[in-house]
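In the working numbering, the protein residues as written are 466 to 963.
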C-alpha cells in the first residue's frame, strides 16, 4: 500500500472487486435491520404473504436477473477500471452504494418533509457541508438529479428575481446552457470565445458587458472538455462594475476546493496546500465563495452514483423567486419542505442518504475527500509529464484539474493532418475498438479556439480533434510504482505510429 490514507483502498469495491465483501456485509446487515423494522411494525397484523408458494415466480425472477446481468456485462465497457477514462464515470464509493441501497428500500421522497423526514434532514446537512465547502456562510441549496437541472433552476431563479438582460458564457461551457436559454425563452444570450487555455476570454467578456446590460455571466470551474477553470477573480472584478449575477458551473470541479480546507473548513495557505494545486487554481478556488450561485455534482467527484447534483445560492432570498406550493402537500409547516423552492418535484431521499454517508467517511476537507482528489490530480499531472517526453504527442493544455487532452504531431502543421494522426489514436483506443487495452474519448475544438491553441498551424479544418482522458478514478495516482500510465503512453504512441 503506497498511500497513507487507507480509505482510498478500503472504501471502494476495487478494480478486481477486492472489497466486495465489505459492501456485502453492510448490505446484509442493513437488510436484516430492515426486515426487523418491518416486522416490528404492528406485529399483531396478519401477513398477506405467509404460506404462499413463490417458487415459480422466484425462478422466473432469477432468470430475468441473469438476463439483466448478461446484458450489463456484455454491452457495457468496464467503467469501474482505470483503463477506462473516456467519460466522467467514477466507480461509486462503498458508503454511497450502501447509503443509497438501504434507503431505497424505504423509498422516501424529499419533495416534502412528510415524504421523507429523515432524508430531508440529511439533505439539509449535506447542503450545509457543501456550503462550507464552497465558502458560503449562509444561503440556500438542495440536491438535484444532475448538473443540467441545477443550472436550469439557477438561471430560472435569476431571471425571475432580476428580470431581463443578456446571458453570457463561453464556447467551452456545457452543452446544457444553450438548451437552458431555449427552455427559458432567453433569446439574448452570447457564447464568448475561449482562449488558448480553453478558459473564458475575459477581454471578449469586457466588450460584451460594455455593449449592454447583462443578467448573468456563467463561468466554469472545470469544463467538461478539458477541466479548464475560468478566471473567476477577474470576472468578479467585472461584477463589481456591472452588477450581473455570477453563476459558477462547478459541477465537475467544485469538490477540488476541499484541497484548500482544514477540518474546520478554514482556508489553508498556499504553502499548506502544497504544489499539487497551482497558484492560479488556488486563487480561483478561493474565489468560489464570492459567486452568487454554484452548481456542484456529488455524482462526479463526490463519490456518488449518477443521479445526484446540487445547486447552491449565496443569498437565500433568491429562492423566493421560484416559490410554489400545492394544496395536497407541504403540510408540516415547521419543517423544511424543499420542494417548495425547486424545479423538480419528486426527488429520491436515497441520494441524500448516500451523500450523507459519504460525508461521514470522507468529510469535505483536505485530509478527507481531498485525499481522493489529490490522487486524481497526481495521475493527470504524471501522465502530462510522460507526454511531455514523447516525440510525436503534445498536450492540448496543461491539466488544471484531472482531465488531460493531447493531440498527435504532424510536421506539415495543418490542422487536418493533426486530426488524421489523432484519429489513429481514437480508432485504436476508444469504444470503437472492442479489444482496446485502454478506452479514451475525443474532444472537438471549434475552429476559432483551435487557431488560438495552435497558432502556428494552418486552420484547414472545421475543428481540431484531441484525445481526452478523464482521470476520475484515483487508482492511477495512489501508487507511483504502478505501470498503467506508462502502458497507456506506450499504447498511444503505438497507435500514432501504426
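Glycine residues also receive a C-beta, built at the ideal position from the N, C-alpha and C atoms.
{"Query": "Do you know offhand how far residue 928's Cα is from residue 870's?", "Result": "15 Å"}
{"Query": "Which term fits residue 466, buried or exposed, when burial requires 16 or more other beta carbons within 10 angstroms of its beta carbon?", "Result": "Confidence at residue 466 is low in this model, with a pLDDT of 41, below 50, so the placement of that residue should be treated as unreliable; the coordinate-derived value is given next. By the 10 Å Cβ count, residue 466 comes out exposed."}
{"Query": "Is it true that the segment 677 to 696 meets the segment 622 to 632, where meeting means three or more beta-carbon pairs spaced less than 8 Å apart?", "Result": "yes"}
{"Query": "Three or more C-beta pairs under 8 Å: does that hold for the segment 826 to 838 against the segment 718 to 737?", "Result": "yes"}
{"Query": "Please name the residue, chosen from 829, 623, 789, 956, that lies closest to residue 903 on a Cα-to-Cα basis.", "Result": "956"}
{"Query": "Is the beta carbon of residue 936 sitting closer than 8 Å to the one on residue 472?", "Result": "no"}
{"Query": "I need the DSSP call for residue 754, collapsed to helix, strand or coil.", "Result": "helix"}
{"Query": "Contact between the segment 736 to 748 and the segment 591 to 605: three or more CB pairs below 8 Å?", "Result": "no"}
{"Query": "Would you tell me roughly how many angstroms separate the C-alpha atoms of residue 949 and residue 848, rounded to the nearest one?", "Result": "10 Å"}
{"Query": "Taking the alpha-carbon positions, what's the residue 875 to residue 666 distance?", "Result": "28 Å"}
{"Query": "Please list, in chain order, all residues of the same chain as residue 842 whose beta carbon is under 6 Å from its beta carbon, the five residues on each side excluded.", "Result": "741, 867"}
{"Query": "Between the alpha carbons of residue 610 and residue 934, how many angstroms are there, rounded?", "Result": "25 Å"}
{"Query": "For residue 507, which of helix, strand or coil comes out of DSSP?", "Result": "coil"}
{"Query": "In whole angstroms, give me the CA-to-CA distance for residue 541 and residue 778.", "Result": "37 Å"}
{"Query": "What are the boundary residues of the alpha helix (DSSP H) that residue 529 is part of?", "Result": "520 to 540"}
{"Query": "Just mark residue 514 as buried or exposed, buried being the case when its beta carbon has 16 or more other beta carbons within 10 Å.", "Result": "exposed"}
{"Query": "Under the assumption that residue 820 contacts residue 636 (Cβ atoms under 8 Å), give the Cβ distance between them as a whole number of angstroms.", "Result": "At roughly 32 Å, the Cβ-Cβ gap does not stay under 8 Å, so residue 820 and residue 636 are not in contact."}
{"Query": "Is residue 773 closer than 8 Å to residue 567 when the C-beta atoms are compared?", "Result": "no"}
{"Query": "Would you check if the segment 575 to 592 and the segment 487 to 499 touch, i.e. whether three or more CB-CB distances between them fall below 8 Å?", "Result": "no"}
{"Query": "What would DSSP say about residue 850, mapped onto helix, strand or coil?", "Result": "helix"}
{"Query": "Three-state secondary structure (DSSP) at residue 704?", "Result": "helix"}
{"Query": "Could you check which residue in 707, 708, 715 has the C-alpha nearest to that of residue 694?", "Result": "715"}
{"Query": "Helix, strand or coil: which one does DSSP assign to residue 844?", "Result": "helix"}
{"Query": "Jot down the residue ranges of each uninterrupted beta strand (DSSP E) in the segment 664 to 746, minimum 3 residues, whole runs only, in chain order.", "Result": "679 to 685, 710 to 714"}
{"Query": "Do you know how far the Cα of residue 558 is from the Cα of residue 887?", "Result": "34 Å"}
{"Query": "If we ignore side chains and look at the alpha-carbon of each, how far apart do residue 873 and residue 549 end up?", "Result": "20 Å"}
{"Query": "In whole angstroms, give me the CA-to-CA distance for residue 595 and residue 474.", "Result": "24 Å"}
{"Query": "Between 717, 758, 673, which lies nearest to residue 689 when the distance is taken from Cα to Cα?", "Result": "717"}
{"Query": "Tell me the residue span of the alpha helix (DSSP H) that contains residue 565.", "Result": "559 to 569"}
{"Query": "Since I believe residue 926 is in contact with residue 884 (beta carbons under 8 Å), could you give me their beta-carbon distance rounded to a whole number of angstroms?", "Result": "6 Å"}
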